[in-house]
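Chains as they are written, first to last, in numbering that gives the first Met the number 0: chain A, 0 to 309; chain B, 0 to 309; chain C, 0 to 309; chain D, 0 to 309. Input: a single structure, listed below in structure tokens.
Number of protein chains: 4
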Amino acid sequence: MTATSERTGTIVLGENQYGKAEVRLMKVDRDQPRHRITELSVTSQLRGDFTEAHTVGDQGRVVPTDTQKNTVFAFAKDGISSPEEFAIRLSEHFTSSFDWVAGGRWEVKEYTWEHIPSSLTNNVTDGEHDHAFVKGGTETRTALVQRYGDEVFVLAGLEDLRVLKSTGSEFHGFPKDRFTTLQETTDRILATSVTARWRYTTTDIDFNVVYDDVRRVLLESFADLHSLALQQTLFHMGKAALEAHPEIAEIRFSMPNLHHFLVDFTPFGMENPNEVFYIADRPYGKIEAEVRREGVAAEPRAWNTVPGFC
Amino acid sequence: MTATSERTGTIVLGENQYGKAEVRLMKVDRDQPRHRITELSVTSQLRGDFTEAHTVGDQGRVVPTDTQKNTVFAFAKDGISSPEEFAIRLSEHFTSSFDWVAGGRWEVKEYTWEHIPSSLTNNVTDGEHDHAFVKGGTETRTALVQRYGDEVFVLAGLEDLRVLKSTGSEFHGFPKDRFTTLQETTDRILATSVTARWRYTTTDIDFNVVYDDVRRVLLESFADLHSLALQQTLFHMGKAALEAHPEIAEIRFSMPNLHHFLVDFTPFGMENPNEVFYIADRPYGKIEAEVRREGVAAEPRAWNTVPGFC
Amino acid sequence: MTATSERTGTIVLGENQYGKAEVRLMKVDRDQPRHRITELSVTSQLRGDFTEAHTVGDQGRVVPTDTQKNTVFAFAKDGISSPEEFAIRLSEHFTSSFDWVAGGRWEVKEYTWEHIPSSLTNNVTDGEHDHAFVKGGTETRTALVQRYGDEVFVLAGLEDLRVLKSTGSEFHGFPKDRFTTLQETTDRILATSVTARWRYTTTDIDFNVVYDDVRRVLLESFADLHSLALQQTLFHMGKAALEAHPEIAEIRFSMPNLHHFLVDFTPFGMENPNEVFYIADRPYGKIEAEVRREGVAAEPRAWNTVPGFC
Amino acid sequence: MTATSERTGTIVLGENQYGKAEVRLMKVDRDQPRHRITELSVTSQLRGDFTEAHTVGDQGRVVPTDTQKNTVFAFAKDGISSPEEFAIRLSEHFTSSFDWVAGGRWEVKEYTWEHIPSSLTNNVTDGEHDHAFVKGGTETRTALVQRYGDEVFVLAGLEDLRVLKSTGSEFHGFPKDRFTTLQETTDRILATSVTARWRYTTTDIDFNVVYDDVRRVLLESFADLHSLALQQTLFHMGKAALEAHPEIAEIRFSMPNLHHFLVDFTPFGMENPNEVFYIADRPYGKIEAEVRREGVAAEPRAWNTVPGFC
């Protein structure tokens with residue numbers, strides 16, 4: 000051992016976190032005939048001094064991941080006002096219940112469900128069935144809470160919001176080198192799948208109302224900009240979100256450029272005036288950036304362990 | 000060789016088909032300021048006498064899969080009225096253009112896009128942006144055309160229509176044996192992802208109108224039945240579709256029972272009156288059946304090579 | 000109701016089956032210090048007269064899918080000699096235990112695990128750790144048993160066996176039309192992911208030994224043929240399997256042509272003598288065929304509900 | 000605009016990067032009869048001053064992602080000695096060719112292929128076919144190079160190395176609270192899928208030799224530890240890698256605890272002495288940690304934008 004240490008130096012534990020990932024649950028609010036359902040996928044990870052669990056296998060401080068799962072289910076019983084508040088509540092519970100849990104990371108994903116329209120009258124309210132649902136939307140809402148002692152950071156977000164413009168997008172004026180073969184264009188399809196996260200500077204807001212409005216702003220601003228590049232569209236979307244919501248300090252995007260290539264009809268003796276496009280899978284462009292409000296302090300701890308830009 | 004043949008018998012080619020799978024395309028109808036977009040994934044497979052391609056590698060009759068792909072793109076230029084009609088047109092082209100192509104299989108999937116709502120006025124019609132879109136719906140529309148000479152069979156369908164009832168579902172009265180541990184219940188969550196295909200007895204219909212109505216009927220009938228089993232729900236949905244549409248001969252379903260298990264709160268000293276459910280991935284129930292109109296001739300060739308029940 | 004029936008005819012239940020899908024289990028044989036592990040995914044589906052479950056929701060005959068799952072686990076306790084025999088045993092149990100279960104479909108997938116090599120001596124046999132394993136192989140072994148009363152059909156198979164030839168593959172001599180743009184080639188990459196199923200005419204064989212040998216024959220015959228088309232390679236592989244194993248009546252393949260396109264280096268002033276290829280995702284060629292032994296009776300019931308060709 | 004700014008502050012671009020993701024290529028070395036093939040997926044992202052592309056859509060500095068893709072293909076022509084060196088070469092090219100490209104991120108994934116064994120003699124060397132291959136291994140090798148001007152950081156790694164111990168794993172001594180239901184155990188299955196990245200302090204090594212040895216050390220150390228917790232196994236594996244390779248400064252792991260639950264056979268009147276386990280999908284444990292060499296300076300820029308722990 001000593002010999003090894005002399006050669007390799009002392010080897011120690013660095014940063015670490017552990018917990019239960021993707022606890023999937025359905026909460027049914029059934030106190031009214033018209034039910035409300037909430038589908039979540041919850042990941043809970045704890046941080047603190049867990050050195051002895053790693054170095055000698057002592058579990059004396061390891062709150063089992065199974066217990067974290069049980070706690071998620073038990074807390075859901077009280078109702079889920081928003082994914083952000085649910086994550087904050089979990090963060091408070093674990094840090095206050097176990098001295099050595101100094102903080103952690105709680106991520107909640109929420110999926111959209113809609114009441115099924117019905118032309119009948121039984122169990123139906125305003126033309127919608129009270130307790131029958133169809134999955135809706137294509138994006139997933141995300142909430143990420145990171146806690147360090149008493150400090151709490153809240154990142155709201157969404158994943159896989161698929162949007163496309165069939166015109167109103169150009170790309171030209173780029174530098175050329177030996178390996179450049181791309182043609183300039185003043186009319187192309189612009190398509191992406193938006194992943195975004197934004198940081199709130201307060202928890203004193205209606206998270207559901209703000210989420211819905213940010214989603215609306217992102218869609219509208221994607222639509223209205225005549226785009227010279229996906230980068231410009233990204234910045235325009237972020238700027239619009241920040242202008243609409245002073246409670247947001249910064250927003251980060253990861254936006255693939257999902258290529259739709261115009262099919263060359265020349266060999267067939269036909270023309271293709273931007274009508275038929277081949278949809279490629281890979282490779283794809285990958286545009287990532289942060290749009291932020293100048294003068295607001297950066298909070299790297301809010302973004303610690305966040306994958307890439309989002 | 001002779002020795003081998005004596006021992007093993009003559010080895011010959013059986014049924015076969017070949018083509019290009021998942022040709023993904025976007026067609027933009029841009030003759031009006033308000034664009035219409037159609038996203039398809041097309042699979043084209045030819046049948047006929049291709050024995051020599053297999054036995055001696057002679058390609059003299061093999062219309063390349065690349066050519067099939069090009070044809071899909073070229074035909075999209077003329078417009079896509081419905082996935083069914085697009086598949087029929089492809090089937091006519093290949094069987095009429097190449098003597099030895101006796102038939103084949105053409106499958107078309109269509110994905111839903113919606114105009115993005117906009118509060119602005121530029122490029123906006125009735126509150127929706129003219130050429131900016133957001134992906135909608137969760138299900139995929141499918142059309143499968145199988146052709147044998149002049150005979151054409153059309154199967155319409157949908158995949159992954161996710162529906163759920165938060166009450167109004169029971170399960171009891173089943174046989175018990177040594178391995179039975181399931182508890183009977185008079186109130187559970189019923190959740191499934193509907194895959195369905197139905198066969199039309201005519202091509203003289205408005206495929207889009209009928210598709211939309213079958214989808215509506217499937218949703219409504221899923222919602223309105225107080226269910227004693229997923230099998231009963233399946234039959235009720237199929238019966239409703241056939242009653243609403245005499246042009247449908249039969250409908251087949253594959254419907255997983257996506258288990259939502261009530262979490263046991265007893266160890267926590269809490270009650271769980273059907274409020275919090277754990278969503279399992281695997282295993283899942285798998286319910287498959289055909290609902291058909293008595294007296295209509297079966298057409299096994301329509302369903303040949305269709306995966307399982309759908 | 001009568002009115003509806005007059006208009007639409009009587010609507011009845013057609014073919015149906017139900018059960019539990021993807022029961023994933025690990026069986027550990029630990030009677031020796033050197034453990035043996037078997038990972039399976041089992042799907043069990045029953046057929047018979049289940050009409051009343053569908054039409055009126057009567058579960059009196061519905062052996063719960065949960066019970067089917069429990070039975071799979073319980074039977075695993077006795078050991079799993081091969082996926083084929085495990086499926087046959089399940090088929091015997093359900094048809095003999097419940098009068099109204101006339102048959103069904105049992106599919107078993109098996110995944111490969113290998114002992115981890117070890118240079119130490121503790122818990123190590125012949126340089127391999129006794130109870131530590133690493134997942135191996137890329138293909139999945141499949142077994143499908145279909146039972147109709149006392150008649151049992153056994154299909155063995157494999158999925159996703161990824162193979163590639165870096166030369167020794169040509170493609171030319173194909174018919175041209177207006178939409179043909181593909182260039183002929185005498186040297187290309189041939190790549191596919193083999194899915195195959197073959198039918199045994201007997202159950203009196205060592206399923207594991209035969210499986211291993213069929214896999215070996217498929218790999219060797221893929222390798223040794225100078226290929227003029229993927230169709231020729233497919234037939235050559237099937238013929239080799241049938242010649243090596245008289246107990247196989249027929250073999251079916253679904254083999255995508257996974258395109259590797261030569262990158263055009265001309266714009267860069269460089270040559271690319273078959274060295275750098277772009278790997279495409281979609282679309283891909285899809286080649287499907289059966290190779291069979293002449294004179295052996297076809298058994299469509301063996302292939303009933305098998306997805307497509309495999 | 001001024002009004003908005005007064006209310007919301009100036010909104011500016013923060014960190015950003017862009018490029019082409021998942022350029023998939025196959026390089027064939029065919030100067031010898033026995034071919035060597037290398038399959039890569041390459042992601043190239045540039046950093047620097049791209050503000051005007053975002054704020055006004057000026058592409059004057061935007062090296063197109065298409066050009067980045069072409070460069071990847073062109074460079075592959077010269078041969079790929081290792082994924083790490085290929086990424087370093089790309090990083091040098093882009094930062095030296097374009098003044099305003101200050102750095103970036105290049106990630107390379109490599110997949111394993113093996114020669115197909117052959118009992119024939121044609122095109123065969125030492126019992127293996129010269130140019131026919133079968134995909135091997137289950138893990139993916141990863142290399143990530145981040146460059147900031149002249150400073151280059153190299154992270155090697157692997158993804159999805161699936162390992163399992165059928166005994167020699169315990170879990171007990173953990174704290175209990177109201178929500179604890181997990182039973183203690185002295186014998187369970189331990190299964191995980193290792194994702195790891197480690198940082199080299201030098202580029203003057205044989206990357207392939209070291210990678211192979213780190214993989215070997217991770218497997219052996221996983222196998223040899225009698226484990227009291229996955230955390231302990233993780234630390235043991237990291238320590239072993241650092242002790243074996245002084246050129247590694249730190250190693251990070253993300254290791255799911257892939258639960259294998261013992262099936263309760265009590266209701267069936269049977270015993271289950273750790274023989275039959277149900278394999279669950281979700282939720283799963285998620286254990287993440289860094290193991291590092293004390294006294295070696297941390298390099299947060301090496302890990303910037305790395306998803307989570309790995």
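Backbone N, C-alpha and C fix where the C-beta goes; we use that ideal spot for every residue, glycine too.
Neighbour list for residue i in chain B, Cβ cutoff strictly below 8 Å
i	result
Ile278 (chain A)	Arg23, Leu24, Met25 and Glu38
Residue i: first and last residue of the uninterrupted alpha helix (DSSP H) it sits in
i	result
Arg215 (chain B)	Phe206 to Asp223
Gly18 (chain D)	First-last for Gly18 (chain D): Ile10 to Asp28, but that is the beta strand (DSSP E), not the alpha helix (DSSP H).
Asp77 (chain A)	Here Asp77 (chain A) belongs to no alpha helix (DSSP H), and DSSP marks it neither H nor E.
Glu51 (chain C)	Thr50 to Thr54
Chain-ordered chain A contacts of residue i [CB-CB under 7 Å]
i	result
Lys164 (chain B)	His130 and Ala131
Ile188 (chain B)	Met25
Short CB-CB distance (under 9 Å) between residue i and chain C
i	result
Arg161 (chain B)	no
Thr137 (chain D)	yes
Lys238 (chain B)	yes
Phe72 (chain D)	yes
Glu169 (chain D)	no
His244 (chain D)	no
Interface flag, residue i vs chain B, CB-CB below 9 Å
i	result
Phe267 (chain D)	yes
Enclosing beta strand (DSSP E) for residue i [first to last residue]
i	result
Arg300 (chain A)	Taken as a continuous stretch (DSSP letters only), Arg300 (chain A) belongs to no beta strand (DSSP E), being part of the alpha helix (DSSP H) at Pro299 to Trp302.
Ala195 (chain A)	Leu189 to Tyr199
Asp129 (chain D)	Glu127 to Lys134
Gln230 (chain C)	That residue, Gln230 (chain C), is in no beta strand (DSSP E); its alpha helix (DSSP H) goes Leu229 to Ala243.
Cβ of residue i within 9 Å of any chain D Cβ
i	result
Phe178 (chain B)	yes
Arg196 (chain C)	no
Thr7 (chain A)	yes
Gln145 (chain A)	no
Environment of residue i [buried if 16+ CB atoms lie within 10 Å]
i	result
Thr66 (chain C)	buried
Phe173 (chain A)	buried
Asn122 (chain B)	buried
Below-9 Å beta-carbon distance, residue i vs any chain A residue
i	result
Ile221 (chain D)	The sequence shown places Phe at residue 221 (chain D), rather than the Ile named in the question. So, not an interface residue.
Lys108 (chain D)	no
Arg88 (chain B)	no
Cross-chain neighbours of residue i in chain D, by beta carbon under 7 Å
i	result
Leu12 (chain A)	Phe234, Ala288 and Val290
Phe152 (chain A)	Ordered by position in chain D, no residue passes the 7 Å Cβ test against Phe152 (chain A), which lies about 16 Å from the chain.
Lys134 (chain C)	Thr137 and Arg161
Proximal residues of chain C, C-beta to C-beta of residue i below 7 Å
i	result
Arg281 (chain A)	Asp280
Val275 (chain D)	Leu24, Lys26, Phe72, Ala75 and Lys76
Contacts that residue i makes with chain A (C-beta to C-beta distance below 8 Å)
i	result
Ser117 (chain B)	Glu219, Ala222 and Asp223
Asn271 (chain B)	Lys76
His34 (chain B)	Ser165 and Thr166
Contacts of residue i in chain D (Cβ-Cβ under 8 Å)
i	result
Trp112 (chain C)	Leu163
Strand pairing of residue i, partner residues [DSSP]
i	result
Ser168 (chain D)	D:Ser226
Thr260 (chain C)	Residue 260 (chain C) is actually Phe in this sequence, not Thr. Phe260 (chain C) pairs with C:Tyr277.
Lys108 (chain D)	D:Ser40 and D:Thr141
Lys285 (chain C)	B:Gly18 and C:Pro255
Partner residues on chain B for residue i, Cβ-Cβ distance less than 9 Å
i	result
Val262 (chain A)	Leu24, Asn69, Phe72, Ala73, Ala75 and Lys76
Proximal chain C residues relative to residue i, where beta-carbon distance stays under 8 Å
i	result
His121 (chain D)	Sequence check: residue 121 (chain D) is Asn here, not His. Here the neighbours are Asp223.
Listed by chain order, chain A residues near residue i by CB distance under 9 Å
i	result
Leu227 (chain D)	Ala52, Val55, Gly56, Asp57 and Gln58
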